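Take a look at the structure set out below.
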Amino acid sequence: MIEIQHNTKGKIYMWYQKEYSNKLYFYHSKSGSWVAVPLAWECQVPQVAQLIKDIQSTIPSWTDKLSIVATLRQCNYNVDEAISTYLTLKDEGILEEVAQETSPTQTLYIEQLKKELIKSNAALKELKERNAEYKRHIEEQQMRVSIWPHAALCLYSKVDVA
């Protein structure tokens, strides 16, 4: 028996149950070993994709496919058990708590993305300014070209003033 202290639920008791479970692996030729399939890949497996559709037809609001596959794995790909687990966790508010938690790695990644966004926006602004400058230059050149034939006619035409 395992006891943990949860910040909002208080003491929670857990236990490991030894069970047979199905796992999906792929052969990694470089290492010569079988490796567990990532969740994102598993979503692409036709049998798993069908299980996802079955769950989403029952619970249309459950749209996070990675969460569905993770729950299916925990429930040994039993759709009814996965749905029951989801509904139980949702009723307890546990899913909302987990969704609000951010790991330090996620926080660092978010900060990095914010910095990259600021740089990208600055570069975009500079490009827009240069583009506007080029447009003004082209318009000036077009104006000169459109005036030039008239100016040439005035310079080279003979006009008798008498």
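Just so we're aligned, residue 1 is where the sequence shown starts under our numbering, counting upward by one.
Don't be surprised by glycine CBs; every beta carbon is placed ideally from N, CA and C.
Just so it is clear, the structure is predicted and the values come from calculations on it, not from any experiment.
Buried or exposed (CB count within 10 angstroms, at least 16 for buried), residue i
i: L72; result: buried
i: Y86; result: buried
i: V69; result: buried
i: V35; result: exposed
i: E42; result: buried
i: I2; result: exposed
i: I118; result: exposed
Cβ neighbours of residue i in the same chain (closer than 7 Å, five flanking residues each side left out)
i: C75; result: E81, A82, T85
i: W62; result: I55, Q56, I68, Y86
i: Y77; result: N22, L51
i: Q5; result: K11
Distance between residue j and residue i (C-alpha atoms, nearest Å)
i: P38; j: Q141; result: 58 Å
i: K125; j: L113; result: 18 Å
i: A49; j: Y25; result: 16 Å
i: E137; j: A123; result: Per the sequence shown, residue 137 should be read as His rather than Glu. Between H137 and A123, the C-alpha separation is close to 21 Å.
i: S21; j: V79; result: 14 Å
i: K115; j: N121; result: 10 Å
i: I12; j: L89; result: 14 Å
i: S146; j: L127; result: 28 Å
i: A40; j: R144; result: 59 Å
i: E133; j: E139; result: 10 Å
i: T107; j: Q47; result: 35 Å
i: V45; j: E111; result: 34 Å
Beta strand (DSSP E) segment containing residue i, residue limits
i: S33; result: 33–36
i: I59; result: Premise fails: I59 is in no beta strand (DSSP E) and is neither H nor E.
i: E3; result: 2–6
Span of the alpha helix (DSSP H) around residue i
i: Q74; result: 65–74
Cβ-based neighbour list, residue i, same chain, cut-off 8 Å, excluding 5 preceding and 5 following
i: G16; result: Residue identity differs from the one stated: residue 16 is Tyr in this sequence, not Gly. Here the set comprises I2.
Sequence-distant residues of the same chain with beta carbon closer than 6 Å to residue i, five excluded per side
i: L66; result: L39
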